[in-house]
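Participant:
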Amino acid sequence: MTTTATTPRRLISLTEAADALAVSTKTVRRYIAAGELDAVRLGRRTIRIRVESLDRLIDAHPVNTWHHKSA
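Take the sequence shown: its position 29, counting from 1, is numbered 29 in full-length UniProt numbering, and each next residue is one higher.
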């Protein structure tokens, strides 16, 4: 019998996700509703975000490089 070591999926709160993205928790809820963030509901009121999902959202929205215009 072979056992495989699995890495537990890390979950963070709405507030932690909002802090990581520098946005409000309302914006995080919008990302969840739009399907841009994967979330799980634990009980009636507790929502947690998968860290992997947060990383994917960040990677999907890169910032363009600043181009300085010479005078």
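A virtual CB, placed ideally from N, CA and C, is assigned to each residue, including glycine.
(1) Quick check: what's the CA-CA separation for A22 versus R41?
(2) How is the alpha helix (DSSP H) around S53 delimited, first residue to last?
(3) Run through DSSP, which three-state label would L37 get?
(4) Between which residues of its own chain and A20 is the CB-CB distance below 7 Å, once the five residues before and five after are set aside?
(5) Short of 8 Å in beta carbon distance, which residues of its chain neighbour A39, apart from the five on each side in sequence? Order them along the chain.
(6) Report the three-state DSSP secondary structure of R48 (helix, strand or coil).
Facilitator: Taking the coordinates as given:
(1) Locating residue 22 in the sequence shown gives position 22, where the first residue counts as 1. Locating residue 41 in the sequence shown gives position 41, where the first residue counts as 1. Rounded to the nearest angstrom, the two C-alpha atoms are 22 Å apart.
(2) One-based indexing of the sequence shown puts residue 53 at position 53. Note, S53: alpha helix (DSSP H), 51-60.
(3) On the sequence shown, position 37 is the one that residue 37 refers to. L37: coil per DSSP, three-state reduction.
(4) As a working mapping, residue 20 is identified with position 20 in the sequence shown. The residues are L54.
(5) Position 39 of the sequence shown, counted from the first residue, corresponds to residue 39. Counting only Cβ-Cβ distances below 8 Å, and skipping sequence neighbours, we find I32, I47, R48, I49, R50, S53.
(6) Position 48 of the sequence shown holds residue 48. Three-state DSSP puts R48 in a strand.
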